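Number of protein chains: 2
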Amino acid sequence: MSDEAPWLDEAEMATWLALIGVVMRLPGALEVQLRRDADLNHFEYCVLVGLEHAEDDTMRMSDLAFLCNGSLSRLSHVARRLESEGLIERFACPDDGRSTLARLTAAGRERLAKAAPGHVKLVRNLVFDELDDDEMRQMGELAKRVLARIQA
Amino acid sequence: MSDEAPWLDEAEMATWLALIGVVMRLPGALEVQLRRDADLNHFEYCVLVGLEHAEDDTMRMSDLAFLCNGSLSRLSHVARRLESEGLIERFACPDDGRSTLARLTAAGRERLAKAAPGHVKLVRNLVFDELDDDEMRQMGELAKRVLARIQA
DNA sequence: CTAGATTTATTGAAGGTTCAATGAAGCAGG
DNA sequence: CCTGCTTCATTGAACCTTCAATAAATCTAG
Chain A
1 MSDEAPWLDE AEMATWLALI GVVMRLPGAL EVQLRRDADL NHFEYCVLVG LEHAEDDTMR
61 MSDLAFLCNG SLSRLSHVAR RLESEGLIER FACPDDGRST LARLTAAGRE RLAKAAPGHV
121 KLVRNLVFDE LDDDEMRQMG ELAKRVLARI QA
Chain B
1 MSDEAPWLDE AEMATWLALI GVVMRLPGAL EVQLRRDADL NHFEYCVLVG LEHAEDDTMR
61 MSDLAFLCNG SLSRLSHVAR RLESEGLIER FACPDDGRST LARLTAAGRE RLAKAAPGHV
121 KLVRNLVFDE LDDDEMRQMG ELAKRVLARI QA
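If you're matching them up, the sequences are chains A and B in order.
Residues in the first sequence are numbered consecutively from 1, following the working numbering.
Residues in the second sequence are numbered consecutively from 1, following the working numbering.
This is how it looks when you write it as structure tokens:
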């Protein structure tokens, strides 16, 4: 932990305000579309996408929670809702009796299909259409390095 | 709204995952410190900081909500809590009968003083210590442009 | 001038997230 | 083995945010 200069200078403050602005506003912007097109919030969408990209559409709860950048408790509550809607199913892990596996159902895949096209369009519209290829890669690299610190 | 290519290529996806990771995890990381040091969540902290930087420590509710990247309804609920703790006070705007002004109290300033040093340290630790000056400015510029799209 | 539209703010209800507690399953050392 | 420690997951309560409804003040078009 750094232990120096008390506050941020002008350039740092400008950067921080822009970053925190994106952090605070992006989820809400994404959720408008997801709610309208597929009645999902952003975290629910991440869960379904995470499963879709996994082997056999199946993943351990705790791995899924990490992938989706949420707590296990949060995922557990969300999984109950998604399961009650038939979008995922849960079952005991054969290899480790402590673990639960979650799997995307056909209905879950259909729901995802309703959300995804509009979601991608929106992501392009909000982020990628604004950046050229160099800027996009630079943004990714910087975000990746900051993310590594947050996760540590 | 762009209306092209259906999904993100590999580099775009890597960028998106890093960006969304920061977006999802940063608030939680900040709140641990704020809760510990000053029993505030991040939005409450933003409200107090916003007022501290304003003329006469006073700002219209709707301007404050925009500055803090939240809805007016959210601010209204939070303002009730902060006011009941004596950290801010609210009063009618003399110029426009529809508006309410919020002002930071002495107690609010003290509470902020408990939170701020640790908050700045954490922000430096998570973000600015990772970036050199060029990278910091680049990040700020890119975030600013993306934020402009989100706000529009 | 005034009727309707807009801006500003608050409120209650519904829904989602966090936090702490609980418990089951596996692991590690004696 | 069996005791304590760790991992994995769920749960309920408390808390926070969102959404829709409400209402007051201001603006605007005719």
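Where is the CB? At the ideal position from N, CA and C, for every residue including glycine.
The structure presented is a predicted model; accordingly, all values stated were derived computationally and were not measured.
Cβ-based neighbour list, residue i, same chain, cut-off 7 Å, excluding 5 preceding and 5 following
i	result
L126(A)	A29
V215(B)	Because residue 215(B) is not part of the residues shown, which for chain B are 1 to 152, the question remains open.
L8(B)	W16
L131(B)	M139
I88(A)	L51, A79, L82, A102, R103, L104, T105, G108
P27(B)	H42
L67(A)	G50
Q33(B)	G118, H119, L122
D95(A)	none
Cβ-Cβ distance between residue i and residue j below 8 Å
i	j	result
S99(A)	R74(A)	no
D39(B)	G118(B)	no
G86(A)	L64(A)	no
V120(A)	V22(B)	no
R80(A)	N69(B)	no
Assumed close pair residue i, residue j - CB separation to whole angstroms, cut-off 8 Å
i	j	result
N41(B)	E31(B)	6 Å
D56(B)	R124(B)	Not a contact, Cβ separation roughly 30 Å.
Close beta carbons around residue i, own chain, < 8 Å, minus the five adjacent residues each side
i	result
L101(A)	T58, M59, R60, M61, R90, F91, A92, C93
R153(A)	Since the first residue shown for chain A is 1 and the last is 152, residue 153(A) is missing from the structure and cannot be characterised.
L19(A)	none
S76(B)	M61
A143(A)	none
F128(B)	M136
Close Cβ partners of residue i (< 6 Å) along its chain, the five nearest in sequence each way excluded
i	result
L72(B)	S62, A65
D134(A)	none
Would you call the region 127-147 of chain A and the region 8-21 of chain B in contact, with 3 or more CB pairs under 8 Å?
Yes, the region 127-147 of chain A is in contact with the region 8-21 of chain B.
Counting pairs of beta carbons, one from the region 103-114 of chain A and one from the region 144-152 of chain A, are three or more of them closer than 8 Å?
no
My parser needs the alpha helix (DSSP H) runs of 4 or more residues fully inside the region 48-130 of chain B; what are they?
61-67, 72-84, 106-126
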